[in-house]
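Trainee: Shown below is the structure under consideration.
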Amino acid sequence: GDFLPDKDDLGFESNHGQNDRIAALRYRGHDDGDDDDGKETGEEEQNDESDEKDTREVIDPSPHLNPPPAEPGAPGEGGKGVDIQPGTPEEKAQYDIGLKHHSFNEWASSKISVHRSLLDLRHELCKAKKYYRPLPQASVIIIFYNEAWSTLLRTVHSVLERTPSELLREVILVDDCSTFDHLQTPLDEYVSKLPEVRVVRSPARQGLIRARLRGVSHARGEVLTFLDSHCECMEGWLEPLLERIAQNHTVVPWPVLDMIQHTDFAYLFHGVKGVLSVGGVDLEDLRFNWYTVPQKELRERKSIIDPIRSPTMAGGVFSIHKKYFEYLGGYDDGMEIWGGENIEMSFRIWQCGGTIELVPCSHVGHVFRVTSPYGAPVDKWVKNNKRMAEVWMDEYRNVIYRRHPNYKEVDAGDVTRRKVLRRALHCHDFRWYLQNVYPNLYVPDVRPVAYGQIQNKGTGRCLDAVSAGKKLSGLFDCHGQRGNQYWEFTRAGEVRFGLEGKLCLQTAASSTDIITKRCAHRFAFDQPSKQQRWVLRNTTVLYHPLTDQCLEGTAAGLHMAPCEDVDRQRWLLQNLEST
Ligand code: UD2
Ligand code: MN
Numbered sequence: 058g059d060f061l062p063d064k065d066d067l068g069f070e071s072n073h074g075q076n077d078r079i080a081a082l083r084y085r086g087h088d089d090g091d092d093d094d095g096k097e098t099g100e101e102e103q104n105d106e107s108d109e110k111d112t113r114e115v116i117d118p119s120p121h122l123n124p125p126p127a128e129p130g131a132p133g134e135g136g137k138g139v140d141i142q143p144g145t146p147e148e149k150a151q152y153d154i155g156l157k158h159h160s161f162n163e164w165a166s167s168k169i170s171v172h173r174s175l176l177d178l179r180h181e182l183c184k185a186k187k188y189y190r191p192l193p194q195a196s197v198i199i200i201f202y203n204e205a206w207s208t209l210l211r212t213v214h215s216v217l218e219r220t221p222s223e224l225l226r227e228v229i230l231v232d233d234c235s236t237f238d239h240l241q242t243p244l245d246e247y248v249s250k251l252p253e254v255r256v257v258r259s260p261a262r263q264g265l266i267r268a269r270l271r272g273v274s275h276a277r278g279e280v281l282t283f284l285d286s287h288c289e290c291m292e293g294w295l296e297p298l299l300e301r302i303a304q305n306h307t308v309v310p311w312p313v314l315d316m317i318q319h320t321d322f323a324y325l326f327h328g329v330k331g332v333l334s335v336g337g338v339d340l341e342d343l344r345f346n347w348y349t350v351p352q353k354e355l356r357e358r359k360s361i362i363d364p365i366r367s368p369t370m371a372g373g374v375f376s377i378h379k380k381y382f383e384y385l386g387g388y389d390d391g392m393e394i395w396g397g398e399n400i401e402m403s404f405r406i407w408q409c410g411g412t413i414e415l416v417p418c419s420h421v422g423h424v425f426r427v428t429s430p431y432g433a434p435v436d437k438w439v440k441n442n443k444r445m446a447e448v449w450m451d452e453y454r455n456v457i458y459r460r461h462p463n464y465k466e467v468d469a470g471d472v473t474r475r476k477v478l479r480r481a482l483h484c485h486d487f488r489w490y491l492q493n494v495y496p497n498l499y500v501p502d503v504r505p506v507a508y509g510q511i512q513n514k515g516t517g518r519c520l521d522a523v524s525a526g527k528k529l530s531g532l533f534d535c536h537g538q539r540g541n542q543y544w545e546f547t548r549a550g551e552v553r554f555g556l557e558g559k560l561c562l563q564t565a566a567s568s569t570d571i572i573t574k575r576c577a578h579r580f581a582f583d584q585p586s587k588q589q590r591w592v593l594r595n596t597t598v599l600y601h602p603l604t605d606q607c608l609e610g611t612a613a614g615l616h617m618a619p620c621e622d623v624d625r626q627r628w629l630l631q632n633l634e635s636t
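Following full-length UniProt numbering, the numbering of the sequence shown begins with 58 at its first residue and continues without gaps.
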C-alpha cells in the first residue's frame with residue numbers, strides 16, 4: 058500500500074527534528090538488552106539476569122494443570138459462561154481457594170479449554186477489511202504475578218491461534234516473581250513446546266510497570282503489544298492495531314476491551330453500534346474511567362469502524378511502536394507494583410505530540426474483577442500518581458493534593474529525570490491537554506477561593522450535603538472530617554461539594570429548596586449557571602444574585618432569606634484565601 062512509510066524512515070512526525078535526542082533519552086533497562094534497534098542477534102540468553110538473586114519462596118501447590126480439550130459443547134465454548142457449580146465438598150474447597158487467590162471464579166475457568174473458541178461478532182466491515190502487507194511485527198508482552206494456570210495459558214493460546222504468524226515476532230511472558238508452584242517448572246515445560254513463546258523472570262517482585270520494562274528489554278519486534286495475563290484475543294485483533302502504527306508511528310492504538318465476566322467467564326462482546334466508550338480519567342482522584350464519546354465526534358468519522366481519539370487508555374492492552382515507546386521515555390521506572398502508569402503514559406503521549414486511539418475493529422477480552430487478589434497497596438498507587446502529577450499536571454496537581462491529604466505523607470522519590478524528559482521532548486502543558494484533547498473533562502478549581510467546611514456563625518453548625526442521593530442540603534454539627542462537609546468556593550462563584558465532586562449548591566426562585574445538583578459549569582473553560590452562582594460578600598455572606606437573597610442558618614435548618622446584617626447569615630469559610 059502507498060500509505061506505508063518507508064521501512065527505514067523512522068522519523069516521527071511530531072518530534073520536532075529531535076531524532077538525535079532519541080538515543081540519549083532511551084530508557085536504560087535493568088539489563089539493557091540488545092540495543093541495536095531490533096536487529097537479530099540469534100538466540101538470546103534465556104536468563105541474562107543471572108547476577109540478580111532470585112528471592113522468591115514458592116508456596117502454593119496448585120491444581121488444574123490439565124485443562125480440558127476444546128471440543129464442541131465443552132464448557133465455555135463460543136465464549137459462553139460456565140453454568141455448572143461446584144458440587145462436592147472438594148470442588149467447593151477448590152472454588153474457594155481459587156476465588157481467594159485470583160478474585161475470579163478460577164474453578165469455572167479451569168473447566169474451560171485454554172483453546173476455547175469465541176464467536177466472531179465483529180462488525181461486517183471489520184471482517185471484510187483488507188490490511189496491506191507488510192505490517193510490522195509485534196512482540197506480545199504478557200506480564201503476570203501469581204496468575205491462574207488456565208487464564209494465563211488461554212491468554213497465550215488466544216494470541217498464538219488468532220494472530221497471523223507473520224505478524225507475531227514472539228510472545229514474552231514476564232513473571233514478576235510469582236510464588237505459585239504452577240508458574241515455575243510446569244510453566245517452563247509447557248512453554249518450551251510452544252513456538253516463539255519465552256518466559257522471562259524477575260528475581261524480585263517489582264510490579265507491573267518494571268515487569269513490562271523487563272519484557273521490552275527482551276523484545277525484538279518492531280512493535281510492542283502489551284496484554285494482561287487474563288485476556289482472550291478475538292479473531293483479527295492485532296491487524297488493525299498494527300495498521301494504525303504503520304500509517305503513523307506516533308499513534309498508540311488500543312482495542313475495545315470486552316468483558317470476560319469474573320463470575321462465569323462469559324465473553325461479553327461490545328459492539329461498535331452501541332454506546333462507544335474510550336478512556337477517561339477523574340481529576341478528583343486520578344482514577345481511570347470510561348468516557349462516552351460525544352455523538353458529534355462519532356459522526357465526524359468517515360466510517361463506523363474508524364478509530365476514535367481517546368484521552369487516556371486503560372493501560373493493560375495496547376500497541377506501540379518500540380522506537381516510539383523508547384523515544385517517549387518508556388515507563389517511569391520509579392513507579393511500583395500497580396496503578397497510575399496508564400494515566401501517566403496517556404498524558405505523556407498526548408502532551409508530547411502523540412495520539413491515543415481506540416480501534417473499534419480490534420477486540421480483546423479481559424477479566425474485569427472487583428477486588429485485587431494480591432492487594433494492590435494504596436500507598437504505591439499514590440506514589441505513582443504523585444510522580445505523574447509532579448511531572449505532567451502542572452498546577453492542576455494541587456487539586457489532588459488538596460483533596461487527598463495522604464498524598465503529602467507519601468514520598469514520590471526523585472522525578473528529575475522525568476522532568477528532563479518532558480523538557481527535552483518539548484511537550485505541551487497540561488492546560489493544552491485539557492483544552493485540546495479532553496475539553497469535556499470536569500476540572501475542579503485549581504485554586505478555589507476557600508475549601509473545607511463552611512460554618513454558620515449564628516448556630517455554629519456546618520453546611521452539610523446530607524446525602525448526595527437526597528440532594529437536599531442542611532446544617533449539622535461540624536465534624537471536621539471532610540466528607541459531607543467538604544466544600545469548595547470556586548473562582549467562578551460556585552459552592553462545590555468537593556469530595557464526591559461534580560455537585561454544586563443551588564437554589565431557584567421557583568423552589569426554596571437548597572440542594573446540591575450536578576454542576577452546570579463542568580469544564581475548565583465555561584461559566585456556572587445562574588442558579589448555582591453565589592457571591593461572597595465581606596468574606597462571610599453567601600449572596601445569591603438570581604434570587605437576590607442570602608443563605609441563612611437557624612435552628613430549623615438551612616434557608617434563603619432577604620439579606621440582613623445578622624450572624625445567621627454569616628459563614629466562616631475554611632482556608633479562605635487572604636484578599
Ligand atoms: C488495569 C490494567 C492494568 C494496569 C492497571 C494499572 C487493563 C485491562 N488492566 O488494572 O494493565 O494498567 O490498570 O496499573 O487495562 N501484575 C504484575 N505484578 C504486580 C501486580 C500485577 O505483574 O505486582 C500483573 C498482573 O498479573 C496483571 C497485570 O499486572 O497481568 C495487571 O494487573 P491487574 O490485572 O490486577 O490490573 P487491572 O486489570 O485491575
Ligand atoms: Mn487485569
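We treat Cβ as the ideally placed atom computed from N, Cα and C, and that holds for glycine. Computed from a prediction, not measured in an experiment: that's the story for all the values here.
DSSP state of LEU244, grouped into three classes?
Mentor: Residue 244 sits at position 187 when you count from the first residue of the sequence shown. Note: LEU244 maps to helix in three-state DSSP.
Trainee: Could you name the residues that DSSP lists as bridge partners for THR611?
Mentor: To locate residue 611, count along the sequence shown from 1; it is residue 554. Paired residue(s): GLY614.
Trainee: When burial is assigned at 16 or more other CB atoms within 10 Å of the CB, is THR208 buried or exposed?
Mentor: To locate residue 208, count along the sequence shown from 1; it is residue 151. So THR208 counts as buried.
Trainee: Given LEU176, which residues of its chain have a CB within under 7 angstroms of its CB, disregarding the five upstream and five downstream residues?
Mentor: Position 119 of the sequence shown holds residue 176. Excluding sequence neighbours, LEU176 sits near GLY135 and GLY136.
Trainee: The beta strand (DSSP E) with GLU414 in it runs from where to where?
Mentor: Along the sequence shown, one-based indexing puts residue 414 at 357. Taken as a continuous stretch (DSSP letters only), the beta strand (DSSP E) holding GLU414 covers 412-425.
Trainee: Run the proximity test for GLY432: is its beta-carbon closer than 8 angstroms to any non-hydrogen atom belonging to the ligand MN?
Mentor: Taking the first residue of the sequence shown as position 1, residue 432 is located at position 375. Because no heavy atom of the ligand MN lies under 8 angstroms away, the Cβ of GLY432 does not count as near it: no.
Trainee: Kindly list the residues whose CB is nearer than 6 angstroms to the CB of VAL494, restricted to its own chain and excluding five residues on each side of it in sequence; keep chain order.
Mentor: As a working note, residue 494 is residue 437 in the sequence shown. Around VAL494: PRO368 and TRP407.
Trainee: Please classify PRO626 as buried or exposed, where buried requires at least 16 neighbouring CB atoms within 10 angstroms.
Mentor: Here residue 626 refers to the residue found at position 569 when the sequence shown is read from its first residue. The sequence shown places Gln at residue 626, rather than the Pro named in the question. Label assigned to GLN626: buried.
Trainee: Name the one or two DSSP bridge partners that LEU532 has.
Mentor: In the sequence shown, residue 532 corresponds to position 475, counting from 1. In DSSP, LEU532 forms a bridge with LEU520.
Trainee: Exposed or buried, what is SER635 when buried is set at 16 or more other beta-carbons lying within 10 Å of its beta-carbon?
Mentor: In the sequence shown, counting from the first residue as 1, residue 635 sits at position 578. Result: exposed.
Trainee: Any idea if ARG211 is buried or exposed, counting beta-carbon neighbours within 10 angstroms, 16 or more meaning buried?
Mentor: In the sequence shown, the residue the question calls residue 211 occupies position 154. Buried.
Trainee: Just the Cα atoms here: how many angstroms apart are LEU553 and GLU128?
Mentor: What you label residue 553 is simply residue 496 of the sequence shown in a count that begins at 1. What you label residue 128 is simply residue 71 of the sequence shown in a count that begins at 1. Checking the sequence, you will find Arg at residue 553 rather than Leu. Their Cα atoms are separated by approximately 58 angstroms.
Trainee: Under the three-state reduction of DSSP, which class applies to ASP339: helix, strand or coil?
Mentor: The residue given as residue 339 occupies position 282 in the sequence shown. Strand, per DSSP.
Trainee: Restricting to Cα atoms, I'd like to know which of GLN318, MET370 and PRO505 is closest to HIS423.
Mentor: Residue numbering aside, residue 423 sits at position 366 when the sequence shown is read from its first letter. For HIS423, the nearest C-alpha among the options comes from GLN318.
Trainee: Taking the beta carbon of HIS378 as the centre, do at least 16 other beta carbons fall within 10 Å, making it buried, or is it exposed?
Mentor: Against the sequence shown, residue 378 aligns to sequence position 321. By the neighbour-count rule (16 or more Cβ atoms within 10 Å), HIS378 is buried.
Trainee: I want to check one thing, is the minimum distance from the CB of GLN626 to the heavy atoms of the ligand UD2 below 8 angstroms?
Mentor: By 1-based counting over the sequence shown, the position of residue 626 is 569. No, the Cβ of GLN626 stays beyond 8 angstroms of every heavy atom of the ligand UD2.
Trainee: Thinking ARG480 and VAL448 are a contact (beta carbons under 8 angstroms), I'd like their distance in whole angstroms, please.
Mentor: The sequence position of residue 480 within the sequence shown is 423, counting from 1. The sequence position of residue 448 within the sequence shown is 391, counting from 1. Not quite, the Cβ-Cβ distance comes to about 10 angstroms (not below 8 angstroms), so this is no contact.
Trainee: May I ask whether a heavy atom of the ligand MN can be found less than 8 angstroms away from the beta carbon of ARG610?
Mentor: By one-based count along the sequence shown, residue 610 stands at place 553. This sequence places Gly at residue 610; Arg is not what is there. The answer is no for GLY610.
Trainee: Tell me which residue opens and which closes the alpha helix (DSSP H) that ASP436 is part of.
Mentor: Position 379 of the sequence shown holds residue 436. Start and end: 435-449.
Trainee: Of all the options GLY517, ILE511 and THR569, which has the alpha carbon lying nearest to the alpha carbon of ASN541?
Mentor: Counted from its first residue, the sequence shown places residue 541 at position 484. The shortest Cα separation from ASN541 among GLY517, ILE511 and THR569 belongs to ILE511.
Trainee: Where does the unbroken beta strand (DSSP E) through residue 52 begin, and where does it stop?
Mentor: No answer is possible for residue 52: the residues shown for the chain start at 58 and end at 636.
Trainee: Taking THR212 as part of the alpha helix (DSSP H), name the residues at either end of that continuous run.
Mentor: Counting from one through the sequence shown, the residue named residue 212 turns up at place 155. Where THR212 is concerned, the enclosing alpha helix (DSSP H) stretches over 206-219.
Trainee: I'd like to know whether the C-beta atoms of LEU529 and THR516 end up nearer to each other than 9 angstroms.
Mentor: Residue mapping note: residue 529 aligns to position 472 of the sequence shown, counting from 1. Residue mapping note: residue 516 aligns to position 459 of the sequence shown, counting from 1. Not in contact: LEU529 and THR516 (Cβ atoms no closer than 9 angstroms).
Trainee: Measuring from the CB of PHE425, is there a heavy atom of the ligand UD2 at a distance below 8 angstroms?
Mentor: As a first step, residue 425 must be located in the sequence shown, where it is residue number 368. Yes, the Cβ of PHE425 comes within 8 angstroms of a heavy atom of the ligand UD2.
Trainee: I need the straight-line Cα distance from residue 640 to CYS519, nearest angstrom please.
Mentor: With the chain covering only 58 through 636, there is no way to say anything about residue 640.
Trainee: From this set, ASP285, ASP232 and VAL280, which residue's C-alpha is nearest PRO260's C-alpha?
Mentor: As a first step, residue 260 is located in the sequence shown; it is residue number 203 there, counting from the start. Of the candidates ASP285, ASP232 and VAL280, the one whose C-alpha sits nearest the C-alpha of PRO260 is ASP232.
Trainee: To the nearest angstrom, how far is the alpha carbon of VAL335 from that of ILE361?
Mentor: For the purposes of this step, residue 335 is taken as residue 278 along the sequence shown, with counting starting at 1. For the purposes of this step, residue 361 is taken as residue 304 along the sequence shown, with counting starting at 1. Looking at the two C-alpha atoms, the distance is approximately 15 angstroms.
Trainee: State yes or no: is the C-beta of HIS287 nearer than 8 angstroms to some heavy atom of the ligand MN?
Mentor: If you number the sequence shown from 1, residue 287 lands on position 230. Indeed, a heavy atom of the ligand MN lies less than 8 angstroms from the Cβ.
Trainee: Using the Cα positions of SER274 and GLU227, report the straight-line distance between them to the nearest angstrom.
Mentor: Counting from one through the sequence shown, the residue named residue 274 turns up at place 217. Counting from one through the sequence shown, the residue named residue 227 turns up at place 170. If I take the Cα positions, the gap works out to 13 angstroms.
Trainee: Once the 5 residues before and after GLU621 are set aside, which same chain residues still bring their CB inside 8 angstroms of it?
Mentor: For the purposes of this step, residue 621 is taken as residue 564 along the sequence shown, with counting starting at 1. Result list for GLU621: CYS607, in chain order.
Trainee: In chain order, what residues of the same chain lie with their CB nearer than 8 angstroms to the CB of MET617, ignoring the 5 residues before and after it?
Mentor: Here the question's residue 617 lines up with position 560 in the sequence shown. Hits under 8 angstroms: THR564, THR569, ILE571, HIS601, THR604, GLN606, CYS607, LEU608 and GLU609.
Trainee: Please classify HIS214 as buried or exposed, where buried requires at least 16 other C-beta atoms within 10 Å of its C-beta.
Mentor: What you label residue 214 is simply residue 157 of the sequence shown in a count that begins at 1. Looking at its Cβ environment, which holds 16 or more other Cβ atoms inside 10 Å, HIS214 is buried.
Trainee: Please report how far the alpha carbon of LEU560 lies from the alpha carbon of ARG575, in whole angstroms.
Mentor: For the purposes of this step, residue 560 is taken as residue 503 along the sequence shown, with counting starting at 1. For the purposes of this step, residue 575 is taken as residue 518 along the sequence shown, with counting starting at 1. Their backbone Cα atoms lie some 4 angstroms apart in a straight line.
Trainee: In terms of residue numbering, what span does the alpha helix (DSSP H) encompassing TYR490 cover?
Mentor: Translated into positions along the sequence shown, residue 490 becomes position 433. Where TYR490 is concerned, the enclosing alpha helix (DSSP H) stretches over 487-493.
Trainee: Within a Cβ cutoff of 7 angstroms, which residues of the same chain sit near LYS443, ignoring the five residues on either side of it in sequence?
Mentor: For the purposes of this step, residue 443 is taken as residue 386 along the sequence shown, with counting starting at 1. Cβ neighbours of LYS443 beyond the five flanking positions: TYR464, VAL467 and ALA469.
Trainee: Can the beta-carbon of PHE283 be found closer than 9 angstroms to that of ILE198?
Mentor: Numbered from 1 along the sequence shown, position 226 holds the residue referred to as residue 283. Numbered from 1 along the sequence shown, position 141 holds the residue referred to as residue 198. Yes, the Cβ-Cβ distance between PHE283 and ILE198 is below 9 angstroms.
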